[in-house]
Amino acid sequence: MSTHSTMACKMMKIIPIFFILLATLLSSSYGNAIVSPLCGGRVFVGYTIVVEAPIHENCHWDIQTQEDRILVITAVNGNLKEAQEFLAIHDGSGKDSPILLVENQKTHERSRKDLPEAVYTTQSTASIRLKKAPTSNLQLKIQKAVICPFNLGTESQCGRVIDDVSCYCATFTKRSQVSQRTYCYNHNMKLLSLETYEKEQAIHVAWGYEARFWTSLTDAIDEGTWYWESTDTALFPGYSNWCNRQPDDAGAFGGEDCMFTNYETNGCWNDGDCEKDEFDAICQAIP
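Count the sequence shown with mature numbering (1 follows the signal peptide of the UniProt record, and there is no 0) and you get residues -31 to -1, 1 to 256, in order.
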């Protein structure tokens, strides 16, 4: 047997059959993987994968993501509720784990109304078992997501405001920017960042233009150099929405180094004193 043939045989022994066909797609900024229609296997979800169901029954996949995250499962083409006729999605890796159903999922009051039907696990593992062969092409999109509480206590609201994997919570207890940052951190979240126009508009759809919200945008480290502290992203040359003649660093107590939204009725931004001014805030958690 040739050297190449020997190496090929060894590789076939090392690689499990259900990982033979794992192709990376370029349809997402994170990258998707599509798992072939072989009869099940173990799959780790880094960001997003698409599982293509085989044409025969009695197959199952064990799905896992990082330990402090959960999984969200949707149907790529079609209706997840209808797909439940052919498969069972378990909240956990064991066959006796609870079955997740679309109709039993609770919806956050502030979540986007146009999000696809989905089921969320309560832990970092799930299993998918085919009860019978699907009558048409069935693809399941499985994503890593963050846990999203329904609130953070009194005077707060949470929801999947931007997409089906992240979470945003508004707190309507006025605090300084420094205190709001700590508040978010204590709930495993960070202060809001608004790197795009689309994201800011989604926030306005959820919570309007009336409340002034602290964000993570600051120039406290280097005066005039603004960056999103939560994502460690520089503001320039990205999206911004400063009000006319702002930021002006005109604080009465020695400068204004933090940004809050909705200074005027159009939702524009202003700089404020991080420790003295008190506003509401929005916290975010991103996978």
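The beta carbon of each residue, even a glycine, is placed where N, CA and C say it ideally should be.
C-alpha gap between residue i and residue j, whole angstroms
| i | j | result |
| --- | --- | --- |
| LEU125 | GLU26 | It should be noted that the sequence gives Ser, not Leu, for residue 125. Going from the Cα of SER125 to the Cα of GLU26 covers about 45 Å. |
| TYR232 | HIS77 | 27 Å |
| SER185 | GLY10 | 42 Å |
| MET(-31) | ALA44 | Low confidence applies to MET(-31): its pLDDT is 49, below 50, so where it sits in the model is not reliable, and the reading given next is rough at best. Spanning the two alpha carbons is a distance of roughly 46 Å. |
| LYS64 | SER96 | 8 Å |
| ILE58 | TYR154 | 32 Å |
| LEU70 | LEU56 | 11 Å |
| ASP31 | SER62 | 6 Å |
| ILE255 | VAL115 | 7 Å |
| GLN108 | TRP176 | 34 Å |
| GLU192 | ASN73 | 50 Å |
| PRO103 | THR194 | 56 Å |
| SER145 | ASP226 | 12 Å |
| HIS29 | VAL88 | 17 Å |
| CYS252 | ILE42 | 24 Å |
| PRO118 | MET158 | 11 Å |
| LYS100 | GLU51 | 13 Å |
| GLY224 | THR123 | 32 Å |
| LEU(-10) | ASP188 | Its pLDDT being 35, under 50, LEU(-10) is placed unreliably by the model, and nothing is read from it. |
| VAL19 | GLY47 | 14 Å |
| ASP132 | CYS8 | 31 Å |
| PRO23 | SER105 | 10 Å |
Proximity test, residue i beta-carbon vs the ligand HEM heavy atom, cut-off 7 Å
| i | result |
| --- | --- |
| GLY9 | Annotation note on the ligand HEM: not contained in the displayed structure, which lists no ligands. |
Inter-residue CB distance, residue i and residue j (contact presumed, cutoff 8 Å)
| i | j | result |
| --- | --- | --- |
| LYS113 | GLN35 | 7 Å |
| ALA139 | TRP183 | ALA139 to TRP183, Cβ: 11 Å. No contact. |
| GLU86 | LEU49 | 4 Å |
| VAL130 | ARG181 | At roughly 18 Å, the Cβ-Cβ gap does not stay under 8 Å, so VAL130 and ARG181 are not in contact. |
| VAL12 | LEU40 | That pair is no contact at about 11 Å. |
| SER199 | LEU160 | 5 Å |
| GLU54 | VAL147 | Rounded, the Cβ-Cβ distance is 53 Å, inconsistent with contact. |
Exposed unless 16 or more other CB atoms sit within 10 angstroms - verdict on residue i
| i | result |
| --- | --- |
| GLY128 | buried |
| ARG38 | buried |
| GLY241 | buried |
| LYS110 | buried |
| ASP83 | exposed |
| THR17 | buried |
| PHE205 | exposed |
| THR151 | exposed |
| THR90 | buried |
| ASP217 | exposed |
| ILE219 | Note that residue 219 is Ala in the sequence shown, not Ile. Exposed: under 16 other Cβ atoms inside 10 Å. |
Residues of its chain near residue i, where Cβ-Cβ distance is below 8 Å and the 5 sequence neighbours each way are ignored
| i | result |
| --- | --- |
| LEU236 | The amino acid at residue 236 is misidentified as Leu; the sequence shows Gly. Closer than 8 Å at Cβ, skipping near neighbours: GLU169, HIS173, TYR178, ASN210, THR230. |
| THR202 | SER162, GLU164, TYR196 |
| GLN215 | TYR232, CYS237, TRP238, ASN239, ASP240 |
| SER(-4) | The predicted position of SER(-4) is uncertain, since its pLDDT is 35 and thus under 50; no value can be drawn from it. |
| ASN120 | GLN126, CYS127, CYS138 |
| SER93 | GLN33, THR34, GLN35, GLU36, ASP37, ARG38, ILE39, LEU40 |
| LYS75 | PHE119 |
| ALA171 | ARG81, VAL130, ILE131 |
Extent of the continuous alpha helix (DSSP H) run through residue i
| i | result |
| --- | --- |
| LEU49 | 49 to 52 |
| GLU21 | Unbroken run through GLU21 is the beta strand (DSSP E), 17 to 21; no alpha helix (DSSP H). |
| ARG79 | No alpha helix (DSSP H) holds ARG79; DSSP gives it neither H nor E. |
| THR151 | 146 to 155 |
| LYS168 | 166 to 176 |
Opening and closing residue of the beta strand (DSSP E) in which residue i lies
| i | result |
| --- | --- |
| ARG98 | 94 to 99 |
| ILE32 | 29 to 33 |
| ARG11 | 10 to 13 |
| SER209 | Segment: none, SER209 is in no beta strand (DSSP E) and carries neither H nor E. |
| CYS117 | Note, CYS117: premise wrong, no beta strand (DSSP E); not H, not E. |
| residue 326 | Missing from the structure shown is residue 326; the chain here goes from -31 to 256 and no further. |
| residue 289 | Given a span of -31 to 256 for the chain in the structure shown, any question on residue 289 remains unanswerable. |
| ILE241 | Note that residue 241 corresponds to Gly in the displayed sequence, not to Ile. Unbroken beta strand (DSSP E) run through GLY241: 239 to 241. |
Same chain, Cβ closer than 6 Å to residue i, five either side skipped, listed in chain order
| i | result |
| --- | --- |
| MET228 | THR184, LEU186, TRP238, ASP240 |
| ASP60 | SER66, PRO67, LEU69, THR90, THR91 |
| ILE190 | none |
| ARG98 | HIS29, ALA57 |
| PHE141 | GLU124, ASP249 |
| HIS156 | LEU121 |
Cβ neighbours of residue i in the same chain (closer than 7 Å, five flanking residues each side left out)
| i | result |
| --- | --- |
| GLU247 | LYS143, ARG144, SER145 |
| GLY207 | GLU164 |
| CYS212 | TYR232, GLU233, CYS237, TRP238, ASN239 |
| ARG79 | GLN126, CYS127, GLY128, VAL130, ALA175 |
| TYR166 | TYR208 |
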